[in-house]
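Which chain is which? The protein sequence lines are S and R, in order. With the numbering used here applied, the first sequence covers 13 to 543. With the numbering used here applied, the second sequence covers 6 to 339. Let me begin by presenting the structure, written as structure tokens, before commenting on it.
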Amino acid sequence: MKRFTELIAQLESSNKTNDKMAALVAYFNEAEEQDKPYVIAMFTGKKPKRPVSTALLREWAIEKSGISAWLFAESYHNVGDLSETIALILPPPTHSSDLKLSEWIMALADINGKDDAVKKTFITDSWDCLNISERFIFNKLISGNFRIGVSGKMLVNALAKQSDTPANQIMHSIMGKWKPEEITYQELIVGAHVNTDHSWPYPFCLAYALDQAPEALGEIQEWQAEWKWDGIRGQIVKRGGELFIWSRGEELVTDQFPELHFLLAELPDGTVLDGEILAVKSGKVLPFSLLQQRLNRKTIAKNQLENAPIGFYCYDLLEYQGADQRAEPLKNRRKILELLISGIPAQENLLMSPVVNANSWAELAEIRMDSRAMNSEGLMLKKLDSLYHSGRKRGDWWKWKINPYNIDAVMIYAQKGSGRRAGFFTDYTFAVRDGDQLITIAKAYSGLTDAEIKEVDAFVKKNAIEKFGPVRTVKPELVFEIAFEGIAESKRHKAGLALRFPRIARWRKDKKVEEINTLADLRQLLNSTLG
Amino acid sequence: MALIKFTNKGIYCTKGDFYIDPWKPVQLAVTTHGHADHVKSGNAAYLCHELTKPILLHRLGGDLKIQTLAYGESLLINGVQLSLFPAGHVIGSAQVRLEYKGEICVISGDYKVEYDGISTAFEPVKCHTFVSESTFGLPIYKWLPQQVIIDQISNWHSSNQQQQKTSVLTAYSLGKAQRLIKGLSLLQQKIYVHSAIANLNEAFIKAGVDLPETIRISPEISKSELQEGILIVPPAVADGRWIKTLLHPATGICSGWMQVRAGRRWRSSDAGFALSDHADWPGLLSAIKATSAEKVYVTHGYTATFSKYLNEIGIDSEEVKTQYGVEDEEEAVY
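Below, the structure is given as structure tokens:
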């Protein structure tokens, strides 16, 4: 437990990826063998059954610290995390413990199903032998919500580095079915429980945003235009009788999309497709907000399968009959791809991403205006003779996105920024009107010039109403135009909806707070995207 | 009439006709300590502890009329007996004790109860009315002993050294900086300080304070020399561009706010050390109980929560709106 606590402290004491990687590698070099699979399980979201409810934990912590419930609530409000509040508020420990992380996890599993009195004795005795950082981790082991800024990908890269094993293989291995109590670290790295030989994907070919008029690209006849879909870029790999679906983040997401599992039978071995994972219903692409309901779930409910059925829109063919196709020009790759897809029985779940035909750039620009109605973000322009590059390369592929949505909102909170703009209030929270109230709708950081930032900063310093740690509540007076890419229902936000990629488009000095948009305006916008 | 009154200029002694830590110019400003939120320029005269005088001269500059007292020494002003007692907050910080016809009132300014090795240790003073801060007036704030934090900093520094990183600690130039210099002096490492801190240190040394040796950061010192020592700079400098010119800088903030993870994450710092010059929750409560006060006014911090709690445990308390408690972030760089 002590070594793991040290790891968490190291991960939290740097915001640089390299430092975090180094801390993880060092941990997996030094930690107890039995602990390692548990740590991997924890960081990849494999949760054990919660042995004690949060209500009980809270009750016992209040009792043990001898304070009133309101004071606990007040403290929790300031800390923002229940596990941490409890860790801080309890009296200091009376002794220490040398139990290993895995032993703590097993001890917690053991109290499952026991009487509350037994649980209470175990939990409160445990608190007595753990310091603040260890208690925090212990409480997190109970709740299972371990969010400490380590992404699945970072963990995989660290394990790959530590064990000198390809990252793809590790990713595939830890995505497989295993239980920390039944597997050793070495078995997990080797992937003894899965077949790791066939899964590897290719690096994605990426595009730059078009920063000039399309006419500058030359003759339109040399180009292929497609819709730029707003989903999850993915690769479907079929090799050795197995099917793998990779997301652009190089995560294996096969289990999340059962609608695509039929391809195991339909695709020939040695095939790799590049395309977009989308929510598709009755031939229409649904907005990203619906697809989002399907992402990162351990289990998928029936109504989610019905509300947001998955389709894969094919862009490209990277491997065919076991041969790498990336050095072929796009027009050849596309031809084979069309042939391949046409051979697969008509399915709503696997389609070609259609080519958008136009005789001139002007005509194409016209068509592009309809992007939003198709739930697309604009167009992709790909040179017909382009190879499939690894990563981003200027010249062959361009994204030609449509303009974002805009609303006017008022700034109500400000917080100091970091990096170059540290010391200035640069991070703002914006609100729209809801009746006579203001309701938070977005947080945005960028989009103002340095001079404007200084001006806003001076306003914040003069007009701060309240102070919550580093955050200032300010007089609602400054109106900004907020640009965003999409809008979605959200239970986590008070407004009941969330904006996608919000940023400050410009400062509307000409507008008064009475003129800002309302929550009803946003609801309407949300409904129009769903319609 | 009560002995003190809270006015829009500051805390006013009705019988003595003077102010304690006023935020608007007055005839006589009794000053608890030298932080910017407790002392402003423009007052006709100042009364403070003898070690606060060099700070006022340094920070407010010019021709100041300053009268000083030692701890425990007293002075009669319009029939009010005034004396100063150590508040343990920073060097020279004092609680102001007022006595008039047997009624005693203590205004504590900012205080902490743990001895920090450099500021005269806090001394509880019996009184009828006590004016307290509550910067960390929540039960989640319980400081570890200073030595434990110094050890944490020391371990952090060794690990930085191994990784060829430059250790940069941020600390307020008055108080936390001197405390760190003293605490870290046992590590036998060179301590480099920003000129804002060096200037204050010189003022203290001139006034007879015994401070360990430090080196003023200047362009003549090479970055690789700096990499081998420990740097102490004010918060505003740590946020600035200069930090980026150092060799692999690792920043560590020393502040009570670092007790909470969210507090650490808000700042773009690499490490946070919960070292505060304010009393923690048990410290506030023990200090208040030791005064046996019948009435406690809470001036800044978690005032509402803290005074609600005091009332709950049977101590008559009221929150008061003041302009104290903003020094944390707005401290200017000298």
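Glycine is no exception: its CB is placed at the ideal position from the N, C-alpha and C atoms. Remember, it's a predicted structure, so these values are computed and weren't measured experimentally.
Within chain R, the residues that residue i reaches when beta carbons sit closer than 7 Å
{"i": "isoleucine 79 (chain S)", "result": "Pro144"}
{"i": "glycine 92 (chain S)", "result": "Ala267"}
{"i": "threonine 97 (chain S)", "result": "Ile145"}
{"i": "glutamate 478 (chain S)", "result": "Those within 7 Å of glutamate 478 (chain S) in chain R number zero; the least Cβ separation is about 12 Å."}
Within chain S, partners of residue i - CB distance below 7 Å
{"i": "valine 101 (chain R)", "result": "Within 7 Å Cβ-Cβ: nothing; valine 101 (chain R) doesn't reach chain S, min ~26 Å."}
{"i": "glutamate 317 (chain R)", "result": "Ser80"}
{"i": "tyrosine 314 (chain R)", "result": "Leu83"}
{"i": "threonine 304 (chain R)", "result": "Under the 7 Å cutoff, chain S gives no residues; its nearest Cβ is about 15 Å from threonine 304 (chain R)."}
Proximal chain R residues relative to residue i, where beta-carbon distance stays under 8 Å
{"i": "aspartate 462 (chain S)", "result": "By Cβ distance, chain R contributes nothing, its closest Cβ being about 13 Å from aspartate 462 (chain S), past 8 Å."}
{"i": "isoleucine 101 (chain S)", "result": "Pro144 and Ile145"}
Contacts that residue i makes with chain R (C-beta to C-beta distance below 9 Å)
{"i": "serine 25 (chain S)", "result": "Trp161, Ala255, Gly257, Arg269, Ser274, Asp275, Ala276 and Gly277"}
{"i": "glutamate 527 (chain S)", "result": "None at all; the shortest Cβ gap to chain R is about 32 Å."}
{"i": "glutamate 75 (chain S)", "result": "Chain R residues near glutamate 75 (chain S): none, gap ~14 Å exceeds 9 Å."}
Residue i - partner residues in DSSP beta bridges
{"i": "glutamate 119 (chain R)", "result": "According to DSSP, which records beta bridges pairwise, glutamate 119 (chain R) is partnered with nothing at all."}
{"i": "valine 444 (chain S)", "result": "S:Ile451"}
{"i": "methionine 364 (chain S)", "result": "S:Cys326"}
{"i": "glycine 498 (chain S)", "result": "S:Arg512"}
{"i": "arginine 245 (chain S)", "result": "S:Glu288"}
{"i": "alanine 38 (chain S)", "result": "Looking at the DSSP assignment, alanine 38 (chain S) forms no beta bridge with any residue, so it has no partner."}
{"i": "serine 88 (chain R)", "result": "R:Ser79 and R:Arg102"}
{"i": "serine 343 (chain R)", "result": "The requested residue 343 (chain R) does not occur in the structure, where chain R is confined to residues 6 to 339."}
Residue burial classification, residue i (beta-carbon count within 10 angstroms, cutoff 16)
{"i": "arginine 246 (chain R)", "result": "exposed"}
{"i": "leucine 531 (chain S)", "result": "buried"}
{"i": "asparagine 30 (chain S)", "result": "exposed"}
{"i": "lysine 131 (chain S)", "result": "buried"}
{"i": "valine 367 (chain S)", "result": "exposed"}
{"i": "glutamate 288 (chain S)", "result": "buried"}
{"i": "alanine 85 (chain S)", "result": "exposed"}
{"i": "glutamate 331 (chain S)", "result": "buried"}
{"i": "tryptophan 286 (chain R)", "result": "buried"}
{"i": "glutamine 333 (chain S)", "result": "exposed"}
{"i": "methionine 381 (chain S)", "result": "exposed"}
{"i": "isoleucine 477 (chain S)", "result": "exposed"}
{"i": "tryptophan 82 (chain S)", "result": "exposed"}
{"i": "arginine 345 (chain S)", "result": "buried"}
{"i": "arginine 504 (chain S)", "result": "exposed"}
{"i": "lysine 189 (chain S)", "result": "exposed"}
{"i": "proline 299 (chain S)", "result": "buried"}
Residue i: first and last residue of the uninterrupted alpha helix (DSSP H) it sits in
{"i": "serine 164 (chain R)", "result": "151 to 167"}
{"i": "tyrosine 88 (chain S)", "result": "81 to 91"}
{"i": "phenylalanine 55 (chain S)", "result": "47 to 55"}
{"i": "arginine 15 (chain S)", "result": "14 to 24"}
{"i": "serine 145 (chain S)", "result": "144 to 155"}
{"i": "serine 138 (chain S)", "result": "128 to 140"}
Proximal chain S residues relative to residue i, where beta-carbon distance stays under 9 Å
{"i": "tyrosine 177 (chain R)", "result": "Within 9 Å Cβ-Cβ: nothing; tyrosine 177 (chain R) doesn't reach chain S, min ~15 Å."}
{"i": "glutamine 232 (chain R)", "result": "Neighbours of glutamine 232 (chain R) on chain S: none; closest Cβ ~17 Å, over 9 Å."}
{"i": "glutamine 328 (chain R)", "result": "Within 9 Å Cβ-Cβ: nothing; glutamine 328 (chain R) doesn't reach chain S, min ~12 Å."}
Limits of the beta strand (DSSP E) - the one that residue i falls within
{"i": "methionine 392 (chain S)", "result": "388 to 395"}
{"i": "threonine 304 (chain R)", "result": "300 to 306"}
{"i": "glutamine 54 (chain R)", "result": "Position check: residue 54 (chain R) holds histidine in this sequence, whereas glutamine was assumed. Looking at the DSSP string, the run of the beta strand (DSSP E) that includes histidine 54 (chain R) is 50 to 54."}
{"i": "isoleucine 353 (chain S)", "result": "That residue, isoleucine 353 (chain S), is in no beta strand (DSSP E); its alpha helix (DSSP H) goes 342 to 354."}
{"i": "glycine 257 (chain R)", "result": "254 to 259"}
{"i": "threonine 17 (chain R)", "result": "Inspection of the sequence shows that residue 17 (chain R) is occupied by tyrosine rather than by threonine. Note, tyrosine 17 (chain R): beta strand (DSSP E), 16 to 18."}
{"i": "asparagine 418 (chain S)", "result": "417 to 428"}
{"i": "serine 402 (chain S)", "result": "Note, serine 402 (chain S): premise wrong, no beta strand (DSSP E); not H, not E."}
Chain-ordered neighbours of residue i on chain S, where CB pairs are closer than 8 Å
{"i": "glutamine 264 (chain R)", "result": "Leu100"}
{"i": "threonine 310 (chain R)", "result": "Leu83 and Glu86"}
Q) Do three or more CB pairs link the region 255 to 266 of chain R to the region 96 to 107 of chain R at distances below 8 Å? A) no
**Q.** Cβ contact (3+ pairs, closer than 8 Å) linking the region 153 to 160 of chain R and the region 316 to 325 of chain R
**A.** no
(Q) If contact is defined by three or more beta carbon pairs under 8 Å, each pair taking one atom from either stretch, is the region 232 to 242 of chain S in contact with the region 394 to 402 of chain S? (A) yes
Q. Are the region 476 to 491 of chain S and the region 513 to 532 of chain S in contact at 8 Å, needing three or more beta carbon pairs?
A. yes
Q: Taking 8 Å as the threshold, find out whether the region 280 to 295 of chain S comes into contact with the region 314 to 325 of chain S through three or more Cβ pairs.
A: yes
Q: Mind the definition here: the region 81 to 101 of chain R touches the region 240 to 258 of chain R only if three or more C-beta pairs lie below 8 Å; say whether that holds.
A: no
Q) Does the region 40 to 54 of chain S come close enough to the region 296 to 306 of chain R to have 3 or more Cβ pairs within less than 8 Å? A) no
Q) Do three or more CB pairs link the region 251 to 266 of chain S to the region 275 to 286 of chain S at distances below 8 Å? A) yes
**Q.** Sufficient close CB pairs (3 or more, under 8 Å) joining the region 175 to 187 of chain R to the region 195 to 204 of chain R
**A.** yes
Q: Spell out a yes or no on whether the region 119 to 128 of chain S and the region 279 to 298 of chain R are touching, meaning 3 or more CB-CB pairs, one atom from each, closer than 8 Å.
A: no
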